[in-house]
Amino acid sequence: MTDPKPKQKKPRGVARLLDGKCIACGARCQSSCPVNCIEMTDTGEPIVEADKCIGCQKCIKICPSTALEMFFTVEEQKILAELAALALPVEEEIDPEAAVLARKLAEYRGVWVFVEQTEGEPAKVSWELLGVGAELAEKLGVELSAMVIGENVEHLCLEAFAHGATRVYLMDAPVYYHYRTEAYVEASCHLIEKYKPEVILMGATGMGRDLAGAIATRVGTGLTADCTGLSIDEKRNLMQTRPAFGGNIMATIMCDKYRPQMSTVRPNVMPMPERREGAVGTIIRDTFTVPEDSVLTKVIEIIRDSHSKGTVDITGAEFIVSGGRGMMAPENFALLQELADELGGVVGASRSAVDAGWMPGDRQVGQTGKTVRPKIYIACGISGAIQHLVGMQDSDMVIAINRDGSAPIFEVATYGIVGDLFQVVPAITAKIRSLKQAKH
Ligand code: FAD
Numbered sequence: 016m017t018d019p020k021p022k023q024k025k026p027r028g029v030a031r032l033l034d035g036k037c038i039a040c041g042a043r044c045q046s047s048c049p050v051n052c053i054e055m056t057d058t059g060e061p062i063v064e065a066d067k068c069i070g071c072q073k074c075i076k077i078c079p080s081t082a083l084e085m086f087f088t089v090e091e092q093k094i095l096a097e098l099a100a101l102a103l104p105v106e107e108e109i110d111p112e113a114a115v116l117a118r119k120l121a122e123y124r125g126v127w128v129f130v131e132q133t134e135g136e137p138a139k140v141s142w143e144l145l146g147v148g149a150e151l152a153e154k155l156g157v158e159l160s161a162m163v164i165g166e167n168v169e170h171l172c173l174e175a176f177a178h179g180a181t182r183v184y185l186m187d188a189p190v191y192y193h194y195r196t197e198a199y200v201e202a203s204c205h206l207i208e209k210y211k212p213e214v215i216l217m218g219a220t221g222m223g224r225d226l227a228g229a230i231a232t233r234v235g236t237g238l239t240a241d242c243t244g245l246s247i248d249e250k251r252n253l254m255q256t257r258p259a260f261g262g263n264i265m266a267t268i269m270c271d272k273y274r275p276q277m278s279t280v281r282p283n284v285m286p287m288p289e290r291r292e293g294a295v296g297t298i299i300r301d302t303f304t305v306p307e308d309s310v311l312t313k314v315i316e317i318i319r320d321s322h323s324k325g326t327v328d329i330t331g332a333e334f335i336v337s338g339g340r341g342m343m344a345p346e347n348f349a350l351l352q353e354l355a356d357e358l359g360g361v362v363g364a365s366r367s368a369v370d371a372g373w374m375p376g377d378r379q380v381g382q383t384g385k386t387v388r389p390k391i392y393i394a395c396g397i398s399g400a401i402q403h404l405v406g407m408q409d410s411d412m413v414i415a416i417n418r419d420g421s422a423p424i425f426e427v428a429t430y431g432i433v434g435d436l437f438q439v440v441p442a443i444t445a446k447i448r449s450l451k452q453a454k455h
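Take 16 as the starting number for the sequence shown in the working numbering and just add one per residue.
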């Protein structure tokens, strides 16, 4: 047996400024230093206190102009050269900060979906989120759980199992009958602190947006709103993609230092998972309640949107005929209504048409309107700006009618018709009518 090779400690060196390279970016190096060994001059350049520097290289990594380098003494350079030449085993230096972070992150496991309900009626987006949640949970090798809060809501646990959850955290008490931020935040944070999930998904609805923001603030983590894509990287981080800068670019956001990682997703963005009839799982009942007296908000009455006169819910429609600026005038939308009636669908609009006052705001499709996923989406006189596309591009079939053959809408269209919509739309309506008549 030969003696194991002695372990040689690898010199860490100290950070040093290179002459003339600093661009005075605003003291990023100083704020990244974990041991406060960087002072700034009046001209915004760093002075590194060599005897305090621990050689962590954080300032070097953050410097946008590569104005800092690692400096090694002649003795240290010799050791480095020896290590390289002899391939001596190097004693792995553990960054204490990174080790603490890794331990903290490892305490959190599991993907959770908040099941939104109003008077026991679930929001469809919760099931859509269980679909994407299942993919994330599989990649992470963890369980997919649902968080159900309300009164007499046990039936939602079974629905959650049918949509992919294998575990449900249930809080069932009178104080949770109506959604109120104070009570739901207390309840959710109690569960999060007790069971420590690594990912929480919520619908980007009025309730989800309100609750997610309040929870993230309370537990001290990040939240990405209105995500359009979710996946996992090799370090178990949730990659949260959403439109940024007015929808002109897609940004992928990560929350790599805090847990849980929280995202909201709008209804209809994620596909509905297949229903697993009769699926079962584990229900964890938690009896934690909030005293009614401590909740200042009282719900007097719930007035549902669908009760308001003339409101059309385009998000649930299977067929949508949408019009844009190419419609030219509000009265021309009657053409689209005729086609929609033949199909049993509804009329949608681009923002230009809404801004012009041709259609009400609840018909707007797109980034600042609704996200839709119908079987057929017919875009008439809509150019296909990215802000419109993000709201309809996941439709099963897109038919675009535009007289400009190079309009971007054709890039997402299943079928494109280059022509005048005032001729094409009535022709399609007439054809459908005659086919229907021939059938009877
Ligand atoms: P235009 O771009 O003017 O296109 C009209 C089209 O009609 C043209 O392609 C033209 O060739 C065609 N046309 C004209 N006459 C005829 C005819 N007779 N027959 C056939 N075709 C014809 N937009 C949305 O839609 N939804 C949103 O949610 C949204 N959110 C936004 C958020 C932000 C922050 C910003 C900055 C913008 C947003 N927009 C949104 C606006 C978006 O950028 C576009 O301006 C808008 O979608 C354009 O609407 P349009 O396609 O109807 O009009």
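Cβ atoms here follow ideal geometry from the backbone N, Cα and C, with glycine treated the same way.
1. So what's Phe437 in DSSP terms, helix, strand or just coil?
2. Taking only the alpha-carbon atoms, compute the straight-line gap between Ala332 and Ser367 and give it to the nearest angstrom.
3. Report the option in Ala138, Leu159 and Asp57 whose CA atom is closest to the CA atom of Val147.
4. Quick check on the burial criterion: 16 or more other C-beta atoms within 10 angstroms. Buried or exposed for Asp187?
5. Output the distance between the C-alpha atoms of Gly360 and Met412, rounded to the nearest integer angstrom.
6. Judging by CA-CA distance, which residue of Ala229, Val234 and Thr383 is the nearest neighbour of His403?
7. Do Asn252 and Asp271 have their beta-carbon atoms positioned less than 8 Å apart in this structure?
8. Taking DSSP's pairing of strands, which residues face Tyr273 in a bridge?
9. Can we count Thr383 as close to ligand 1, meaning its CB is less than 7 Å from some heavy atom?
10. Is any heavy atom in ligand 1 found nearer than 7 Å to the beta carbon of Ala422?
11. Curious, which full-length alpha helix (DSSP H) runs of at least 4 residues does the segment 203-277 contain?
12. Would you kindly work out how many angstroms separate the C-alpha atoms of Val336 and Arg418, rounded to a whole number?
13. Which one of Thr312, Glu357 and Glu97 has the shortest CA to CA distance from Pro26?
14. Rounding to the nearest angstrom, what Cα-Cα distance links Met277 and Val234 in this structure?
15. Do Ala42 and Met55 count as a contact pair if the criterion is CB distance below 8 Å?
16. Determine, using beta carbons only, whether Lys73 and Pro111 come nearer to each other than 8 Å.
17. Assuming Arg340 contacts Gly293 under a Cβ cut-off of 8 Å, what Cβ separation, rounded to an integer in Å, is found between them?
18. Just reading off the alpha helix (DSSP H) that Val369 is part of, what are its end residues?
19. Taking the alpha carbon of Ile77 as the reference point, which residue from Gln45, Met342, Phe87 and Ile94 has its own alpha carbon closest?
20. Mind checking which residues open and close the alpha helix (DSSP H) that includes Phe176?
21. Shortest alpha-carbon distance to Thr304 belongs to which of Ala355, Ile164 and Leu245?
22. Residue range of the alpha helix (DSSP H) that Cys74 falls in?
23. Could you give the residue range of the beta strand (DSSP E) that holds Ala30?
24. If Ala177 sits next to Arg290, beta carbons under 8 Å apart, how far is it from one beta carbon to the other, in whole angstroms?
25. Using only the alpha-carbon positions, how far apart do Glu136 and His193 sit?
26. Does DSSP put Pro423 in a helix, in a strand, or in coil?
According to the structure shown:
1. Here Phe437 carries a helix assignment [DSSP, helix/strand/coil].
2. Between Ala332 and Ser367, the C-alpha separation is close to 21 Å.
3. Taking the Cα of Val147 as reference, the smallest distance to any Cα among Ala138, Leu159 and Asp57 is reached at Leu159.
4. Counting C-beta atoms within 10 angstroms of its own C-beta, Asp187 has 16 or more neighbours from the protein chains shown and is therefore classed as buried.
5. Linking Gly360 to Met412 through their CA atoms gives a straight-line distance of about 14 Å.
6. Residue Thr383 holds the alpha-carbon nearest to the alpha-carbon of His403 among Ala229, Val234 and Thr383.
7. Their beta carbons are under 8 Å apart, which means Asp271 touches Asn252 by this criterion.
8. Looking at the DSSP output, Tyr273 shares a beta bridge with no other residue.
9. Proximity of the beta carbon of Thr383 to ligand 1 is indicated: a heavy atom of the ligand is located closer than 7 Å.
10. The answer is yes for Ala422.
11. With a minimum length of 4 residues, the continuous alpha helix (DSSP H) runs that stay inside the segment 203-277 are 221-234.
12. Approximately 17 Å, taken between the alpha carbons.
13. Distances from the alpha-carbon of Pro26 to those of Thr312, Glu357 and Glu97 put Glu97 closest.
14. Those two C-alpha atoms are separated by around 11 Å.
15. The Cβ-Cβ distance between Met55 and Ala42 falls below 8 Å.
16. No, the pair does not count as a contact, with Cβ atoms beyond the cut-off.
17. Your pair Arg340 and Gly293 does not check out as a contact, with CB atoms roughly 50 Å apart and the cut at 8 Å.
18. Note, Val369: alpha helix (DSSP H), Arg366 to Asp370.
19. Here the closest residue by C-alpha is Gln45.
20. From DSSP, the alpha helix (DSSP H) with Phe176 extends over Glu169 to Ala177.
21. Considering only alpha carbons, the answer is Ile164.
22. Unbroken alpha helix (DSSP H) run through Cys74: Lys73 to Ile77.
23. Its beta strand (DSSP E) spans residues Val29 to Leu32.
24. Right, their Cβ atoms sit about 5 Å apart.
25. Straight-line Cα distance between these residues: approximately 12 Å.
26. In the structure shown, Pro423 sits in a helix (DSSP, three-state: H, G or I).
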